[in-house]
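Visitor: Counting from 4, one number per residue, gives the positions in the sequence shown under the working numbering. We put the CB at the ideal spot given by N, CA and C, even for glycine. Model, not experiment: these values are computed from the prediction. For reference, the structure I am asking about is given below.
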Amino acid sequence: MALRSTASALWSRFVPAARTLPCTASSSVFNGRLFSADAKEGTENEPQAVAERDEHAPPLNLFGKPARYASALYSASSKAGVLDKVMEEFKTVIDATDANPAFKVFLEDPTMPTQKKIAGLTALCDGASMSDITKNFLCLVAENGRLKETKKIYGHMDEYMTAKSGQVRAIVTTAEPMTEEEFAQVAFMVHDMPYVNKDMVDGEAKLSIDTKIDTRILGGMTVAIGEKFYDFSLKSRIMDIQRVVAKPVDYTGAQKL
4 MALRSTASAL
14 WSRFVPAART
24 LPCTASSSVF
34 NGRLFSADAK
44 EGTENEPQAV
54 AERDEHAPPL
64 NLFGKPARYA
74 SALYSASSKA
84 GVLDKVMEEF
94 KTVIDATDAN
104 PAFKVFLEDP
114 TMPTQKKIAG
124 LTALCDGASM
134 SDITKNFLCL
144 VAENGRLKET
154 KKIYGHMDEY
164 MTAKSGQVRA
174 IVTTAEPMTE
184 EEFAQVAFMV
194 HDMPYVNKDM
204 VDGEAKLSID
214 TKIDTRILGG
224 MTVAIGEKFY
234 DFSLKSRIMD
244 IQRVVAKPVD
254 YTGAQKL
C-alpha cells in the first residue's frame with residue numbers, strides 16, 4: 004500500500020531528526036479541540052454511552068483510558084467523514100512500531116521531551132500526507148504521555164470498526180492451541196451465548212472468532228465479546244477455591260464434643 008511504503012521511508016528521515024529539535028513550547032501545534040472530553044486526562048468518567056449517542060458514537064461501550072481515547076478518535080473521524088482513512092493511517096503507525104524498534108523506542112522513551120515527540124510525529128504525519136485527525140490525535144496522545152498505550156488504543160478502534168461492519172467479534176483465550184474439533188465445539192458454544200445470540204438475531208450480525216494463547220490461565224478458556232467477558236479458566240476456579248478456603252470458619256453454636 005502506497006501510504007505504508009511512504010511512511011516506512013519517513014520513519015528514518017524524521018524520527019532521528021526530531022531528537023535534535025529544540026524543545027520549545029511552540030513545537031506543540033496540534034489541535035486537541037477536535038477530540039471530545041473522553042480523551043482528556045484528569046476525568047474519572049468512563050467512555051459513555053455518553054459520547055452523545057448519535058450516529059457518530061462508537062457502536063460498543065468499552066472501558067478504561069485506552070478505550071476513552073479510541074472513543075474520541077472514532078467520533079471525531081466519523082464526524083469528519085474520514086473514519087476508514089484514519090483507521091488505515093493508525094494501522095500504519097502500529098505496523099511501524101512492530102517492524103521498527105527505533106521508532107518504537109522513539110515513541111516510548113520516557114527521557115525524551117514531549118515537545119520533541121510532538122515535533123517528530125507532526126513532521127512524520129505531514130510527510131506521509133496523513134489526515135489532520137490522525138496527526139492531531141497522535142500529538143494529543145503524546146502530550147498526555149500515553150504513547151505506550153497506542154497499541155491498546157488501536158485495539159479498541161479495531162473492535163469499534165468490527166462492530167460497525169456488522170460483525171460480533173469473540174476473542175477466545177486458551178492455555179494451549181485447540182484442535183479443530185475443540186475449536187468447532189467452542190464456536191458452537193459461543194454462538195449460543197445470550198449476548199451473541201441476541202445480536203445475531205436482532206442485528207443480523209456475523210460472528211468472527213479470534214483465538215489467543217495465554218498459559219497463565221492454566222486451562223479452560225476465557226471469552227471476550229465486546230464489553231462482555233466470560234471466565235471459564237482453571238485459574239479462576241483455583242482462585243475461587245482459595246478464597247473459600249481462606250475464609251475464617253465460624254464455630255459459633257457448634258456442639259461441643
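(1) DSSP puts R172 in a beta bridge; with which residues?
(2) Which residues in the same chain as I220 place their Cβ atom closer than 7 Å to its Cβ, once the five residues preceding and following it in sequence are excluded?
(3) Specify whether the stretch 181 to 189 and the stretch 105 to 117 touch according to this definition: at least 3 beta carbon pairs, one from each stretch, less than 8 Å apart.
(4) If you draw a straight line from the C-alpha of G158 to the C-alpha of S132, how long is it?
(5) Does DSSP put K68 in a helix, in a strand, or in coil?
(6) If distances are taken between C-alpha atoms only, which option among M164, I174 and Y233 comes closest to H59?
(7) How many whole angstroms separate the CB atoms of E230 and N64, which I take to be in contact at a CB cut-off of 8 Å?
(8) Keeping to the same chain, check which residues put their C-beta closer than 8 Å to that of E152; ignore five residues upstream and five downstream.
(9) By Cβ distance, which residues of its chain are closer than 8 Å to M160, with the 5 residues on each side in sequence left out?
(10) Assign P134 to one of three DSSP states: helix, strand, or coil.
(11) Expressed to the nearest angstrom, what Euclidean distance is found between the alpha-carbon atoms of Q245 and L110?
(12) Helix, strand or coil for M224 per DSSP?
(13) Specify the secondary structure class of T182 as computed by DSSP and reduced to three states.
(14) What first and last residue would you give for the alpha helix (DSSP H) that runs through D161?
(15) Would you mind reading off the limits of the alpha helix (DSSP H) that contains D217?
(16) What are the partner residues of F232, as DSSP defines its beta bridges?
(17) For I121 and V252, I'd like the C-alpha separation in whole angstroms.
(18) CB-CB under 8 Å to I241, same chain, minus the five flanking residues each way: which ones, in chain order?
(19) Please report how far the alpha carbon of G223 lies from the alpha carbon of L210, in whole angstroms.
Guide: Short version:
(1) The residue you call residue 172 lines up with position 169 of the sequence shown. According to DSSP, which records beta bridges pairwise, R172 is partnered with S211.
(2) Along the sequence shown, read from residue 1 onward, the residue named residue 220 stands at position 217. By the criterion of a C-beta distance shorter than 7 Å, I220 is surrounded in its chain by T176, A178, S236, L237 and K238, once the five residues flanking it on both sides are discounted.
(3) Contact fails: fewer than three Cβ-Cβ distances are below 8 Å.
(4) Taking the sequence shown and counting its residues from 1, the one referred to as residue 158 is at position 155. Taking the sequence shown and counting its residues from 1, the one referred to as residue 132 is at position 129. Their backbone Cα atoms lie some 23 Å apart in a straight line.
(5) If you number the sequence shown from 1, residue 68 lands on position 65. Reduced to three states, the DSSP call for K68 is helix.
(6) Numbered from 1 along the sequence shown, position 56 holds the residue referred to as residue 59. Checking every option, the nearest Cα to that of H59 belongs to M164.
(7) Against the sequence shown, residue 230 aligns to sequence position 227. Against the sequence shown, residue 64 aligns to sequence position 61. By a beta-carbon distance limit of 8 Å, E230 contacts N64. Their separation comes to about 5 Å.
(8) The residue labelled residue 152 in the question sits at position 149 within the sequence shown. Closer than 8 Å at Cβ, skipping near neighbours: K68, P69, Y72 and V144.
(9) Reading the sequence shown from its first residue, position 157 is the one you call residue 160. Cβ neighbours of M160 beyond the five flanking positions: A73, L76, Y77, M90 and F93.
(10) Here residue 134 refers to the residue found at position 131 when the sequence shown is read from its first residue. Looking at the sequence provided, one finds Ser at residue 134 rather than Pro. The answer is coil: DSSP assigns S134 none of H, G, I, E or B.
(11) As a position in the sequence shown, residue 245 is number 242, starting the count at 1. As a position in the sequence shown, residue 110 is number 107, starting the count at 1. Distance between the alpha carbons of Q245 and L110 is about 41 Å.
(12) Start at 1 with the first residue of the sequence shown, and residue 224 comes out as number 221. M224 falls in the strand class under three-state DSSP.
(13) Along the sequence shown, one-based indexing puts residue 182 at 179. In the three-state scheme derived from DSSP, where H, G and I count as helix and E and B as strand, T182 is classed as coil.
(14) Position 158 of the sequence shown, counted from the start, is the residue given in the question as residue 161. If you look at D161, you'll find it in the alpha helix (DSSP H) that goes T153 to K167.
(15) The residue labelled residue 217 in the question sits at position 214 within the sequence shown. Per DSSP, D217 belongs to no alpha helix (DSSP H) and is neither H nor E.
(16) Stepping through the sequence shown from its first residue, residue 232 is reached at position 229. Bridge partners of F232: A227.
(17) By one-based count along the sequence shown, residue 121 stands at place 118. By one-based count along the sequence shown, residue 252 stands at place 249. Looking at the backbone, the Cα of I121 and that of V252 are separated by about 59 Å.
(18) Counting from one through the sequence shown, the residue named residue 241 turns up at place 238. Counting only Cβ-Cβ distances below 8 Å, and skipping sequence neighbours, we find L221.
(19) To locate residue 223, count along the sequence shown from 1; it is residue 220. To locate residue 210, count along the sequence shown from 1; it is residue 207. Going from the Cα of G223 to the Cα of L210 covers about 21 Å.
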